Structure formats: C-alpha cells, structure tokens
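Peer 1:
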Amino acid sequence: MKNRPSIIAYTDGFAVNELEEFAQRIEGLGYDSLWVTEFTGRDPYTTAAHVLARTETIKIATGIANVYSHDAVVAAQNRQTLAELSNGRFVLGLGVSHPPMAGMHGLEWVPPLTKMRAYLDTMEATRVDSPPAAEPAPIWLAANGPKLLELVAQRCDGANTYLLPPSHTENARRILGPDKRLNVVLPCCLCEDPAIARKIARAALSIYMPLPAYQKEWGNWGFDETDWANGGSDRLIDMIVAWGDESAIRARVDEYEAAGASHIALSAYNPEAGGPQPHWKLLEALAS
Numbered sequence: 001m002k003n004r005p006s007i008i009a010y011t012d013g014f015a016v017n018e019l020e021e022f023a024q025r026i027e028g029l030g031y032d033s034l035w036v037t038e039f040t041g042r043d044p045y046t047t048a049a050h051v052l053a054r055t056e057t058i059k060i061a062t063g064i065a066n067v068y069s070h071d072a073v074v075a076a077q078n079r080q081t082l083a084e085l086s087n088g089r090f091v092l093g094l095g096v097s098h099p100p101m102a103g104m105h106g107l108e109w110v111p112p113l114t115k116m117r118a119y120l121d122t123m124e125a126t127r128v129d130s131p132p133a134a135e136p137a138p139i140w141l142a143a144n145g146p147k148l149l150e151l152v153a154q155r156c157d158g159a160n161t162y163l164l165p166p167s168h169t170e171n172a173r174r175i176l177g178p179d180k181r182l183n184v185v186l187p188c189c190l191c192e193d194p195a196i197a198r199k200i201a202r203a204a205l206s207i208y209m210p211l212p213a214y215q216k217e218w219g220n221w222g223f224d225e226t227d228w229a230n231g232g233s234d235r236l237i238d239m240i241v242a243w244g245d246e247s248a249i250r251a252r253v254d255e256y257e258a259a260g261a262s263h264i265a266l267s268a269y270n271p272e273a274g275g276p277q278p279h280w281k282l283l284e285a286l287a288s
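Below is the structure:
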C-alpha cells in the first residue's frame with residue numbers, strides 16, 4: 001500500500017473497555033486512523049473524545065457524523081475542541097446520510113448538495129471562543145456523487161467513498177484534482193470460499209442494498225436492479241468487497257490505489273465470528 005491504511009469499525013458494538021483495547025491495538029499496528037461510526041448508538045463526538053484520550057498517536061475520525069443528528073454550530077465547536085484536546089489527531093468526517101435518518105429527528109430531507117453547502121457555510125461562520133488548535137481538524141466529506149465531490153474539491157480536505165468500483169474512484173480523482181485526500185472505504189473478508197465470503201458480505205451490506213442513493217450510483221457504473229435485488233448479485237458483491245486470501249485482498253487495494261485512491265479505509269469482516277469482533281488475522285496482515 002502506498003500509504004498506511006485506516007480502519008473503520010462498528011464501534012457501537014464494543015463495550016467501552018473493548019473499544020479502548022481495540023483502538024490501542026490498532027494504534028500499535030501502525031494504522032493511520034480509526035473511524036468511529038454513528039448509527040443509532042453512541043454519540044460519535046463523545047466516542048471520538050474518549051478514544052483520543054486513550055490513545056497517543058493514531059488519528060481518530062468520525063466516520064461519519066450525520067449532519068441531521070448534529071447542527072452545524074455544534075459541529076464547529078466539536079471540531080475545534082477535539083482538535084485542541086488531541087493535539088491535532090482529530091478528523092471531522094461528515095455525511096448527509098439518507099432520508100430515514102432525517103425523519104428520525106423530525107427533520108425534512110434536503111437535497112444533499114444544498115444541505116451540505118449550507119452546513120459548511122454555518123460552520124465557517126461560527127465563532128468558537130476557545131483556544132484553537134495549531135491546525136484546524138481536517139474535514140472529510142462522505143461523497144459518492146459528482147456534485148458532492150465537486151463540493152469537496154472546493155471546500156473540504158478530503159472525500160470518503162463507499163461501495164463503488166475502481167472506475168468510480170478514477171472519476172472521483174479527476175473531480176477532486178491531485179491534492180485532495182481520497183479515502184476509499186473497502187469492505188474486506190479474509191475467506192477463500194466464495195459462498196461463505198459472499199454470505200458474510202450480504203449480511204453486512206443488507207442495510208445498504210435498498211437505499212436509493214446507492215442504487216443510483218451503482219446504476220451509473222454498470223449495474224442494474226437485478227444486481228441489488230435479493231441481497232446483491234455475485235457480480236456486485238465481488239466488485240465492492242475484497243475477499244479471498246491476503247494476496248487477493250492486497251490486489252484489490254492496489255486496484256483502487258492505481259485508480260486514484262490516496263488512502264484505503266478497511267472495513268474488515270470476520271468470517272470466524274458473528275457480530276463486530278475484529279478479525280485480527282486480517283488486520284495484522286494488512287497493517288504493513
């Protein structure tokens with residue numbers, strides 16, 4: 001890998017002591033950053049603060065903080081506070097999520113570009129009356145579509161893409177230009193049995209298959225409704241999930257890097273256990 005990879009994990013699935021141990025072990029392996037998730041469990045900023053306090057060198061990112069769950073003024077305050085308290089190890093990952101998440105908060109869904117542009121405007125206009133960090137925390141925006149990628153090129157430090165083929169990565173790099181950070185989130189499974197690997201992937205990705213935003217993007221890159229029906233076709237699963245032995249997974253990483261990814265964020269599925277338990281065999285193998 002041309003740059004140290006990152007790890008994104010379902011951090012809500014860990015007890016707090018398990019999360020601390022996980023973060024410290026990931027740090028010891030030399031990973032670039034650990035992303036803490038937001039679904040319907042812990043607050044991601046609080047989780048990030050706790051993990052930052054229990055680690056020393058690794059960057060901790062929100063991966064991602066939902067803009068419908070946290071208003072932009074609070075995001076600006078959290079960005080500055082965590083950058084200061086961590087001596088520059090915090091990264092603010094933001095995303096617009098999907099309409100059901102807006103509805104959970106009793107909010108009206110706004111087109112993603114409009115929502116995110118206004119959110120960034122408010123963040124930039126917010127005065128935070130506390131000592132700033134030496135450098136502001138980077139902002140990485142979840143951006144699969146071209147309009148959000150253009151917004152990243154104009155106003156953010158990097159983009160996160162997810163569940164899309166290397167051809168999408170190549171196009172994203174063209175939009176972003178040569179200097180922006182492009183994180184490709186890559187699900188991976190150290191399993192050489194196609195049936196088992198695909199079954200694990202389908203279970204992990206079942207919440208994404210019905211989402212119109214992903215279906216639209218898959219349609220733009222050569223897939224159709226038959227590919228996201230019934231849990232995902234073999235063709236789609238094999239494109240968006242790296243599975244096989246270590247060399248096969250590394251080959252997929254190389255493919256995305258050749259297409260323009262500057263960093264890979266690994267989402268490691270565990271073929272040996274249910275739930276969020278980390279698959280250390282894979283994490284240790286891909287750390288170097």
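Going letter by letter, the sequence shown gives residues 1 to 288 in my numbering.
A virtual CB, placed ideally from N, CA and C, is assigned to each residue, including glycine.
Fair warning: this is a prediction, and the values are worked out from it, not measured in the lab.
Looking at L92: is its Cβ nearer than 9 angstroms to the Cβ of A53?
Peer 2: It is not a contact, given that the beta carbons lie outside the stated cut-off.
Peer 1: Output the boundary residues of the alpha helix (DSSP H) element that contains R127.
Peer 2: Run containing R127: none; DSSP gives neither H nor E here.
Peer 1: In the DSSP assignment, find the alpha helix (DSSP H) that holds Y214 and state where it starts and stops.
Peer 2: That run of the alpha helix (DSSP H) goes P212 to N220.
Peer 1: Can you check whether the CB of N144 is closer than 9 angstroms to the CB of Y208?
Peer 2: Taking 9 angstroms as the Cβ cut-off, Y208 and N144 do not qualify as a contacting pair.
Peer 1: Please name the residue, chosen from L148, T37, A195 and K180, that lies closest to T114 on a Cα-to-Cα basis.
Peer 2: Answer by Cα proximity: L148.
Peer 1: Taking DSSP as the reference, what is the three-state secondary structure of S247?
Peer 2: Helix at S247.
Peer 1: With 16 as the cutoff for other CB atoms within 10 Å, does M116 come out buried or exposed?
Peer 2: With 16 or more Cβ atoms within 10 Å of its Cβ, M116 is classed as buried.
Peer 1: Might you give, ordered along the chain, the residues of its own chain that have their beta carbon closer than 7 angstroms to the beta carbon of T55, omitting 5 neighbours on each side?
Peer 2: For T55, where only same-chain residues beyond five positions count, the Cβ hits under 7 angstroms are A23, Q24 and E27.
Peer 1: Whose CA, out of A204, Q277, H279 and L186, lies closest to the CA of L266?
Peer 2: Measuring from the Cα of L266, the nearest candidate turns out to be L186.
Peer 1: Please state if the CB of R198 and the CB of W243 are separated by a distance shorter than 9 angstroms.
Peer 2: Contact flag set, yes.
Peer 1: Would the beta-carbon of A195 fall within 9 angstroms of that of G232?
Peer 2: Result no, Cβ atoms of A195 and G232 do not sit closer than 9 angstroms.
Peer 1: Buried or exposed: where does W35 fall if 16 or more other Cβ atoms within 10 Å of its Cβ makes it buried?
Peer 2: By the neighbour-count rule (16 or more Cβ atoms within 10 Å), W35 is buried.
Peer 1: Hey, is the region 71 to 82 in contact with the region 130 to 137, meaning 3+ C-beta pairs nearer than 8 angstroms?
Peer 2: Judged by Cβ distances under 8 angstroms, the region 71 to 82 makes contact with the region 130 to 137, as three or more pairs qualify.
Peer 1: Which same chain residues, not among the five before or five after R235, have their C-beta less than 8 angstroms away from its C-beta?
Peer 2: Counting only Cβ-Cβ distances below 8 angstroms, and skipping sequence neighbours, we find F223 and D227.
Peer 1: Would you kindly check if the distance between the Cβ of V184 and the Cβ of Y68 is under 9 angstroms?
Peer 2: Cβ atoms of Y68 and V184: not closer than 9 angstroms.
Peer 1: Per DSSP, what are the beta-bridge partners of I8 in this structure?
Peer 2: Answer is W35.
Peer 1: Can you tell me where the alpha helix (DSSP H) with A201 in it begins and where it stops?
Peer 2: Start and end: P194 to L205.
Peer 1: With distances taken from CA atoms, which of P165, G103 and G158 is nearest G177?
Peer 2: Checked all of P165, G103 and G158; the closest Cα to G177 is G158.
Peer 1: Run the CB neighbour count on Q154, radius 10 Å, all protein chains shown included, and call it buried at 16 or more, exposed below.
Peer 2: Exposed, since its Cβ has fewer than 16 Cβ neighbours within 10 Å.
Peer 1: Let me know the secondary structure DSSP gives Y68 once reduced to three states.
Peer 2: In this structure, Y68 counts as coil in the three-state DSSP scheme.
Peer 1: Alpha carbons only, please: which of E18, V73, D12 and L19 is nearest the one belonging to D43?
Peer 2: Closest option to D43, Cα to Cα, is D12.
Peer 1: Where E21 and A72 are concerned, what is the direct C-alpha to C-alpha distance, given to the nearest angstrom?
Peer 2: Approximately 31 angstroms, taken between the alpha carbons.
Peer 1: Taking the alpha-carbon of A203 as reference, which of C189, K216 and P212 has the nearest alpha-carbon?
Peer 2: Minimum Cα distance to A203 is reached at C189.
Peer 1: Short check: CB of W218 to CB of L164, under 9 angstroms?
Peer 2: Cβ atoms of W218 and L164: closer than 9 angstroms.
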